[in-house]
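The structure under discussion appears below in the form of structure tokens.
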């Protein structure tokens, strides 16, 4: 039997309740995305609840763990990121593919401080997240191998240099403030110049073998 | 007339007082350097006093402003940095000079998180600091011009790219944690590869024209 919509808010029927719940949920997710973009993912839950105009108890009812809130808040961008990688993996030109992934992920970093943390931090209690991250690692490794095999990427490039480059980009994004987008583009331009295979490449210090979860510690 | 040393601490003579003051001063500076290295220069004065084992009032008696404490704490490293620049300016090989400044300042950044902030932040109430910074800017600009004229540095390199590179390095240093020294060396290696003039350089996005004081905002 369908519920009768009530005009008395404290005694709302299931449909209205569901609509209210959905609205609360959307407000919380919007507030979380804003707060993460400004302050990174370490922002307290209470600050997100305040920004959303809901009580902390309401927030915890919708999102029982911090991780579940972060995961939901970035679901769209995660999908976008996975899309960038999938598209690159279908590109027949491995150097263009490598450049586009690095360029687009760096631009996402520049647009949203919280995103890098959210995407790359390890959340042991969130298997779907770890799955996405593992998939990203495999995709990146494949792109790197193909670009090297094509003679476009320098042979001493290490997969961990992707993490190095994203950390460097996060430093520029955080430090350049109002100019972060243009500063990030300039840095990416330089780094791609240094990654390109050439007849006269110089010797590099050994790779630091950073792991993707290093980015979780970046401020 | 020389003061009589007293054996009653609350009534110490000038010599003992001076020794006590010097000891307090050294302890405060040591604590400040440690705290800045770990947390950057935004660490509260009260935390430094606690770390030094002195009261906040004592700290303020020795260092009436936050800036005076920061300046003193980094005096040695400032001198070291100025030395690196002076030495480079005397090097007859402009590319080697450019590389050595970038390499050594990046290593200082990797060794001490607080240093970059302290050296490059603008302290309007501390003219000696501003003087050092202006001198650094002039020295860098001269190194860049010479390295370009020698055909060693790419012609589209902008002086502000030094700031870009130091911001990138600060991101790597902060993010790579235990591996920050080796990660920083690897990044510097890549960036120098991309800065080098070559017959086949690619086109870069325009410079972001960051100023040295941007580094003060880097976390």
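Residue numbers (the working numbering), protein chains in the order written: chain A, 1 to 219; chain B, 1001 to 1219.
C-beta: ideal position from N, C-alpha, C; glycine also.
Residues that residue 1193/B contacts on chain A, provided the C-beta gap is smaller than 8 Å: Along the second chain, read from residue 1 onward, the residue named residue 1193/B stands at position 193. Neighbours of residue 1193/B on chain A, chain order: 193, 194, 201, 202 and 204.
Are there 16 or more other CB atoms within 10 angstroms of the CB of residue 1141/B, so buried, or fewer, so exposed? Within the second chain, the letter at position 141 stands for residue 1141/B. So residue 1141/B ends up on the exposed side.
Residue 1161/B CB to nearest heavy atom of the ligand HEM below 7 Å: Among the ligands in the structure shown, none appear at all, so the ligand HEM cannot be discussed.
Measure from the C-beta of residue 1124/B to each C-beta in chain A and report whether the shortest distance is under 8 Å. Your numbering for residue 1124/B matches position 124 in the second chain. Only weak support is given to the placement of residue 1124/B: the predicted model assigns it a pLDDT of 47, under 50, and the question is left unresolved by the model.
Quick check on DSSP: helix, strand or coil for residue 153/A? As a working mapping, residue 153/A is identified with position 153 in the first chain. The DSSP-derived three-state label of residue 153/A is strand.
I'd like to check one pair, residue 1143/B with residue 1187/B: are the Cβ atoms closer than 8 Å? Position 187 of the second chain, counting from 1, holds the residue named residue 1187/B. Position 143 of the second chain, counting from 1, holds the residue named residue 1143/B. Going by C-beta atoms, residue 1187/B is not nearer than 8 Å to residue 1143/B.
Rounded to the nearest angstrom, what separates residue 124/A and residue 181/A at their Cα positions? Here residue 124/A corresponds to residue number 124 of the first chain, with the count starting at 1. Here residue 181/A corresponds to residue number 181 of the first chain, with the count starting at 1. Any answer about residue 124/A is weak, because its pLDDT of 47 lies below 50 and its placement is not dependable; what the coordinates show is given next. Their Cα atoms are separated by approximately 32 Å.
Hey, quick one: how far does the alpha helix (DSSP H) through residue 1201/B stretch, first residue to last? Along the second chain, one-based indexing puts residue 1201/B at 201. Run containing residue 1201/B: none; DSSP gives neither H nor E here.
In whole angstroms, give me the CA-to-CA distance for residue 197/A and residue 1133/B. Counting from 1 along the first chain, the entry for residue 197/A is found at position 197. Counting from 1 along the second chain, the entry for residue 1133/B is found at position 133. Rounded to whole angstroms, residue 197/A to residue 1133/B spans 37 Å at the Cα level.
Unbroken alpha helix (DSSP H) run spanning residue 1083/B, endpoints: Reading the second chain from its first residue, position 83 is the one you call residue 1083/B. Element bounds for residue 1083/B: 1075–1090.
With distance defined between alpha-carbon atoms, name the residue in 1110/B, 1079/B and 1185/B nearest to residue 1135/B. Here residue 1135/B is taken as the residue at index 135 of the second chain, counted from 1. Among 1110/B, 1079/B and 1185/B, the Cα nearest to that of residue 1135/B is on 1079/B.
For residue 47/A and chain B, any beta-carbon pair shorter than 8 Å? By one-based count along the first chain, residue 47/A stands at place 47. Closer than 8 Å to the CB of residue 47/A there is not a single CB belonging to chain B.
Contact set between residue 1170/B and chain A, taken where Cβ atoms lie within less than 7 Å: Your numbering for residue 1170/B matches position 170 in the second chain. Correct list: 171 and 175.
Taking 8 Å as the threshold (C-beta atoms), are residue 194/A and residue 1190/B in contact? As a working note, residue 1190/B is residue 190 in the second chain. As a working note, residue 194/A is residue 194 in the first chain. Contact: yes.
So what does DSSP say about residue 1196/B, is it helix, strand or coil? By one-based count along the second chain, residue 1196/B stands at place 196. Of the three classes helix, strand and coil, the one that applies to residue 1196/B here is strand, per DSSP.
Could you check what DSSP says for residue 189/A in three-state terms: helix, strand or coil? The count along the first chain starts at 1 and reaches residue 189/A at position 189. Of the three classes helix, strand and coil, the one that applies to residue 189/A here is helix, per DSSP.
Presumed contact (8 Å Cβ cut-off) between residue 210/A and residue 160/A, rounded CB distance: As a working mapping, residue 210/A is identified with position 210 in the first chain. As a working mapping, residue 160/A is identified with position 160 in the first chain. Contact flag correct, Cβ pair sits at about 5 Å.
Can you give the beta carbon distance from residue 95/A to residue 152/A, rounded, assuming they're within the 8 Å contact cut? Taking the first chain and counting its residues from 1, one reaches residue 95/A at position 95. Taking the first chain and counting its residues from 1, one reaches residue 152/A at position 152. 3 Å between Cβ atoms; contact.
Between which two residues does the alpha helix (DSSP H) containing residue 1206/B stretch? Walking along the second chain from the start, residue 1206/B turns up at place 206. Run containing residue 1206/B: none; DSSP gives neither H nor E here.
Cβ of residue 1146/B less than 8 Å from any chain A Cβ? Reading the second chain from its first residue, position 146 is the one you call residue 1146/B. Not an interface residue.
Under a three-way DSSP split, which group does residue 41/A fall into? One-based indexing of the first chain puts residue 41/A at position 41. Reduced to three states, the DSSP call for residue 41/A is coil.
Straight-line gap, residue 1024/B to residue 1109/B (C-alpha atoms, nearest Å): Locating residue 1024/B in the second chain gives position 24, where the first residue counts as 1. Locating residue 1109/B in the second chain gives position 109, where the first residue counts as 1. The straight-line gap from Cα to Cα measures roughly 27 Å.
Quick one: measure Cβ to Cβ for residue 102/A and residue 165/A, integer angstroms, because I've assumed they're closer than 8 Å. Translated into the one-based positions of the first chain, residue 102/A becomes position 102. Translated into the one-based positions of the first chain, residue 165/A becomes position 165. With a Cβ gap of about 7 Å, residue 102/A and residue 165/A count as contacting.
Along the alpha helix (DSSP H) that carries residue 161/A, what are the first and last residues, could you check? Against the first chain, residue 161/A aligns to sequence position 161. Residue 161/A -> alpha helix (DSSP H) spans 160–176.
Between 74/A, 36/A, 85/A and 64/A, which lies nearest to residue 51/A when the distance is taken from Cα to Cα? On the first chain, residue 51/A is found 51 positions in, with the first residue counted as 1. The shortest CA-to-CA distance from residue 51/A to any of 74/A, 36/A, 85/A and 64/A is the one to 36/A.
What do you get for residue 1200/B, buried or exposed, if any count of 16 or more other CB atoms within 10 angstroms of its CB means buried? Residue numbering aside, residue 1200/B sits at position 200 when the second chain is read from its first letter. Its Cβ having fewer than 16 others within 10 Å, residue 1200/B is exposed.
Per-residue contacts from residue 1036/B into chain A (C-beta, under 7 Å): Reading the second chain from its first residue, position 36 is the one you call residue 1036/B. In chain order: nothing, as chain A lies at least about 16 Å away.
Check this for me: beta carbons of residue 62/A and residue 41/A, under 8 Å apart or not? As a first step, residue 62/A is located in the first chain; it is residue number 62 there, counting from the start. As a first step, residue 41/A is located in the first chain; it is residue number 41 there, counting from the start. No, these two residues do not count as a Cβ contact at 8 Å.
Using a Cβ-Cβ cut-off of 8 Å, state whether residue 253/A counts as contacting chain B. The question about residue 253/A has no answer here: the residues shown for chain A are numbered 1 through 219.
For residue 1075/B, count neighbouring Cβ atoms within 10 angstroms of its own Cβ and tell me buried if that reaches 16, exposed if not. The sequence position of residue 1075/B within the second chain is 75, counting from 1. By the neighbour-count rule (16 or more Cβ atoms within 10 Å), residue 1075/B is not buried but exposed.
By a C-beta neighbour count over all protein chains shown, 10 Å radius and 16 as the cutoff for buried, is residue 192/A buried or exposed? By one-based count along the first chain, residue 192/A stands at place 192. Residue 192/A comes out buried.
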